[in-house]
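Sequential numbering from 2 applies to the sequence shown in the working numbering.
Below is one structure, written out as structure tokens; the observations come after it.
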Amino acid sequence: MKLASSLDHDDGAVRNPAVYQLAKACCTAKERDRFISLRLVQCLILIAVYELGHAIFPKQEYLAL
């Protein structure tokens, strides 16, 4: 949620890449451990929407959604 609520720069660059990378790493670790929960699915959807909105790997987020 912190990623979704942070404001962007005028050029559309990722404002806080450390938070984004931490969120991605945590979700990847849980997926690797085969830990599935509704909260993890919600996090993955929010990250995919964030990546789609910021044009980070645009083709893969379409498949993730």
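Yeah, the Cβ is synthetic: ideal placement off N, Cα and C, and Gly gets one too.
Everything numeric in this text was worked out from a predicted model, so none of it was measured.
Inter-residue Cα distance where the pair is cysteine 28 and glycine 54: The residue you call residue 28 lines up with position 27 of the sequence shown. The residue you call residue 54 lines up with position 53 of the sequence shown. Those two C-alpha atoms are separated by around 19 angstroms.
Mapping the DSSP letters down to three states, classify alanine 56 as helix, strand or coil. As a first step, residue 56 is located in the sequence shown; it is residue number 55 there, counting from the start. Three-state result, alanine 56: coil.
Could you check whether isoleucine 48 and alanine 24 sit closer than 8 angstroms to each other, using their CB atoms as the reference points? In the sequence shown, residue 24 corresponds to position 23, counting from 1. In the sequence shown, residue 48 corresponds to position 47, counting from 1. The beta carbons of alanine 24 and isoleucine 48 sit closer together than 8 angstroms.
For glutamate 52, does the count of other Cβ atoms within 10 angstroms reach 16, so buried, or fall short, so exposed? In the sequence shown, the residue the question calls residue 52 occupies position 51. Buried.
Which residue marks the beginning of the alpha helix (DSSP H) containing arginine 33, and which one marks its end? Position 32 of the sequence shown holds residue 33. Taken as a continuous stretch (DSSP letters only), the alpha helix (DSSP H) holding arginine 33 covers 18–33.
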